[in-house]
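Worksheet for the structure shown next.
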Amino acid sequence: MNFTRTVLVTGGCGFIGANFVKLLLKERPDWRVINLDKLTYAGNLQNLAEVKESENYHFVKGDICDAAMIEALFTAEKIDTVCHFAAESHVDRSITGPADFIQTNIVGTFTLLEAARKTWLGGNWDGKEPSFLHVSTDEVYGSLGETGFFTETTPFDPRSPYSSSKASSDHLVSAYFHTYGLPVFITNCSNNYGPYQFPEKLIPLIFHNALNGKALPVYGDGKNIRDWLYVKDHCEAIVRVLEKGVHGQSYNIGGNNEKQNIEVVTVICDLLDAKLGLLPSGEQRKSLITFVKDRLGHDRRYAIDASKIKDQLGWQPKVTFEEGISKTIDWYLANQQWVDSVMDGSYQEYYQQMYANR
Ligand code: NAD
Ligand code: DAU
Numbered sequence: 002m003n004f005t006r007t008v009l010v011t012g013g014c015g016f017i018g019a020n021f022v023k024l025l026l027k028e029r030p031d032w033r034v035i036n037l038d039k040l041t042y043a044g045n046l047q048n049l050a051e052v053k054e055s056e057n058y059h060f061v062k063g064d065i066c067d068a069a070m071i072e073a074l075f076t077a078e079k080i081d082t083v084c085h086f087a088a089e090s091h092v093d094r095s096i097t098g099p100a101d102f103i104q105t106n107i108v109g110t111f112t113l114l115e116a117a118r119k120t121w122l123g124g125n126w127d128g129k130e131p132s133f134l135h136v137s138t139d140e141v142y143g144s145l146g147e148t149g150f151f152t153e154t155t156p157f158d159p160r161s162p163y164s165s166s167k168a169s170s171d172h173l174v175s176a177y178f179h180t181y182g183l184p185v186f187i188t189n190c191s192n193n194y195g196p197y198q199f200p201e202k203l204i205p206l207i208f209h210n211a212l213n214g215k216a217l218p219v220y221g222d223g224k225n226i227r228d229w230l231y232v233k234d235h236c237e238a239i240v241r242v243l244e245k246g247v248h249g250q251s252y253n254i255g256g257n258n259e260k261q262n263i264e265v266v267t268v269i270c271d272l273l274d275a276k277l278g279l280l281p282s283g284e285q286r287k288s289l290i291t292f293v294k295d296r297l298g299h300d301r302r303y304a305i306d307a308s309k310i311k312d313q314l315g316w317q318p319k320v321t322f323e324e325g326i327s328k329t330i331d332w333y334l335a336n337q338q339w340v341d342s343v344m345d346g347s348y349q350e351y352y353q354q355m356y357a358n359r
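When you read off a place in the sequence shown, starting at 1, and then add 1, the result is the number in our numbering.
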């Protein structure tokens with residue numbers, strides 16, 4: 002088959018990456034997808050088990066910081082499009098151990114940019130028009146007060162090691178556009194939720210604990226606000242930017258779904274009570290809510306103004322929070338084996354069984 006694009010997806014075994022790979026294989030069958038993933042604790046090959054034999058899909062286990070391997074991959078596969086998801090993504094881990102965030106998020110992004118520059122701008126490129134899309138976060142803009150929204154021109158003010166590493170990589174991507182003319186896009190997105198999210202993040206963690214009658218940890222007063230975006234909406238926005246975006250531009254992607262954390266936790270409890278009945282003790286699941294010590298430097302509020310991508314590229318989120326959270330809870334209920342295998346660590350054996358002897 003003659004593929005119209007060859008896309009390198011980094012971090013395709015993580016939460017958003019896996020949803021993105023599946024979306025591409027379904028909706029862009031004329032694109033070839035190479036998934037490069039190191040399989041850190043957050044990478045789970047089972048997320049892509051049902052597509053692993055697809056003709057236009059190829060998995061490579063590797064580190065985005067490995068310059069020689071990346072450059073060889075660009076040449077061998079004639080990569081013309083990069084969708085760069087791979088990152089250390091959990092804010093709490095960045096507070097207790099920032100080193101991996103600096104390495105993967107900054108050095109890894111730099112390594113990919115260098116490979117793209119050498120391959121595409123080195124004078125020998127005879128492939129299709131290239132694009133390098135960096136998937137970033139709204140956290141680069143810092144924290145909002147009670148009013149206002151992040152726009153693409155809001156000054157960067159990152160406040161955690163995670164968000165600082167993402168801001169740093171955004172600056173590098175932007176510098177490669179201005180300095181070398183590398184054809185880049187940057188997307189800054191709000192909190193995603195949906196299938197395959199690692200259960201250290203708020204929504205799957207609360208699901209797992211509420212299901213099992215465990216305490217539901219809510220940081221601080223529970224009134225911090227996040228702008229929730231259903232992961233499929235995010236993935237569709239990325240495809241839209243790849244197909245219609247203007248190189249050198251950044252695009253904010255948000256869900257128009259601002260919620261306090263305590264509201265999110267309560268909704269999950271109420272949905273589980275409605276779908277499964279009350280706890281064996283006869284109590285509602287929200288009785289498990291436990292306010293715990295606040296996250297260090299906890300950003301108070303994020304809210305995205307996504308009017309640029311709406312006005313210029315015609316994308317807007319389709320899924321309301323009420324619809325998305327109900328679908329998400331249904332998915333986790335139907336896939337409890339997935340959650341259990343992540344919780345007990347057995348998901349990491351899957352790679353050994355499926356790929357190690359090939
Ligand atoms: P995730 O933690 O679920 O997955 C990260 C993936 O990257 C994993 O598969 C992991 O194995 C892989 N990876 C990590 N280090 C690597 C390395 N050195 N080389 C190759 N692969 C490596 O992350 P996610 O939540 O899916 O987020 C994906 C991207 O989207 C990240 O860049 C994140 O900053 C960004 N983002 C996430 C959200 C969100 O709400 N989850 C919101 C905005 C932006
Ligand atoms: O805004 C985009 C960002 O969203 C992404 O860039 C990050 O990769 C992603 O992890 C997410 O970051 P958050 O820190 O907002 O997500 P998290 O799920 O860790 O926390 C959501 C909110 O819930 C936050 O205010 C902290 C709070 N929280 C989190 C956990 C894990 C709790 O109250 N209790 C918890 O146990």
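For glycine and all other residues, C-beta sits at the position ideal for the given N, C-alpha and C.
- Between residue 82 and residue 131, the beta carbon gap of about 7 Å places them in contact (Cβ cut-off 8 Å).
- When DSSP assignments are scanned along the segment 76-152, the uninterrupted stretches of alpha helix (DSSP H) that are 4 or more residues long and fall wholly within it turn out to be 92-97 and 110-122.
- Three or more pairs of CB atoms, one per stretch, sit closer than 8 Å, so the segment 35-45 contacts the segment 11-23.
- In its chain, beyond the 5 residues on either side, 89, 95, 162, 163 and 166 have a beta carbon closer than 7 Å to the beta carbon of residue 102.
- Here residue 339 carries a helix assignment [DSSP, helix/strand/coil].
- Per DSSP, the continuous beta strand (DSSP E) segment holding residue 291 begins and ends at 290-293.
- About 5 Å separates the CB atoms of residue 303 and residue 228; that is less than 8 Å, so the two are in contact.
- In this structure, residue 170 and residue 107 form a Cβ contact; the two beta carbons are roughly 6 Å apart against a cut-off of 8 Å.
- Sorting 328, 350 and 77 by C-alpha distance to the C-alpha of residue 204 places 328 at the top.
- Shown here, residue 36 sits in a strand according to DSSP, grouped into three states.
- Rounded to whole angstroms, the separation of the alpha carbons of residue 220 and residue 262 is 9 Å.
- Here residue 134 really is in contact with residue 188; their C-beta atoms are around 7 Å apart, less than 8 Å.
- Linking residue 154 to residue 168 through their CA atoms gives a straight-line distance of about 13 Å.
- Partner residues in the beta bridge of residue 251, as assigned by DSSP, are 187.
- Per the coordinates, the alpha-carbon of residue 298 lies some 7 Å from the alpha-carbon of residue 160.
- Per DSSP, the unbroken alpha helix (DSSP H) holding residue 205 starts and ends at 203-212.
- Check the Cα spacing between residue 338 and each of 292, 226, 197 and 323: the tightest is with 197.
- Secondary structure of residue 7 (DSSP, three-state): strand.
- Using a 10 angstroms sphere on the CB of residue 259, the tally of other CB atoms reaches 16 or more, which defines it as buried.
- Residue nearest to residue 295 within the set 218, 98 and 349 is 218 (criterion: CA-CA distance).
- About 6 Å separates the beta carbons of residue 151 and residue 253, which is inside the 8 Å limit, making them a contact pair.
- With contacts defined by Cβ atoms closer than 8 Å, residue 75 and residue 120 form a contacting pair.
- Sequence-distant partners of residue 286 (beyond 5 residues in either direction) whose C-beta falls short of 7 Å from its own C-beta, in its chain, are 211, 270, 273, 274 and 280.
- One Cα belongs to residue 231, the other to residue 202, and the distance between them is close to 14 Å.
- Under the three-state reduction of DSSP, residue 59 is assigned to strand.
- When 26, 266, 63 and 321 are compared, the shortest CA-CA separation from residue 216 is found for 266.
- Relative to ligand 2, even the nearest heavy atom lies 7 Å or more away from the CB of residue 209.
- With 16 or more other Cβ atoms inside 10 Å of its own Cβ, residue 300 counts as buried.
- The alpha-carbon separation between residue 240 and residue 46 amounts to approximately 22 Å.
- Remark: C-beta atoms of residue 318 and residue 278 do not approach each other more closely than 8 Å.
- In terms of CA proximity to residue 52, 25 leads the group 31, 129 and 25.
- Residue side-chain check: residue 134 keeps its Cβ at 7 Å or more from all non-hydrogen atoms of ligand 1.
- If you check the CB distance, residue 10 and residue 18 come in under 8 Å.
- The nearest non-hydrogen atom of ligand 2 is less than 7 Å from the C-beta of residue 138.
- Take the alpha-carbon of residue 109 and the one of residue 173: they are about 11 Å apart.
- Here DSSP, grouped into helix, strand and coil, assigns residue 218 to strand.
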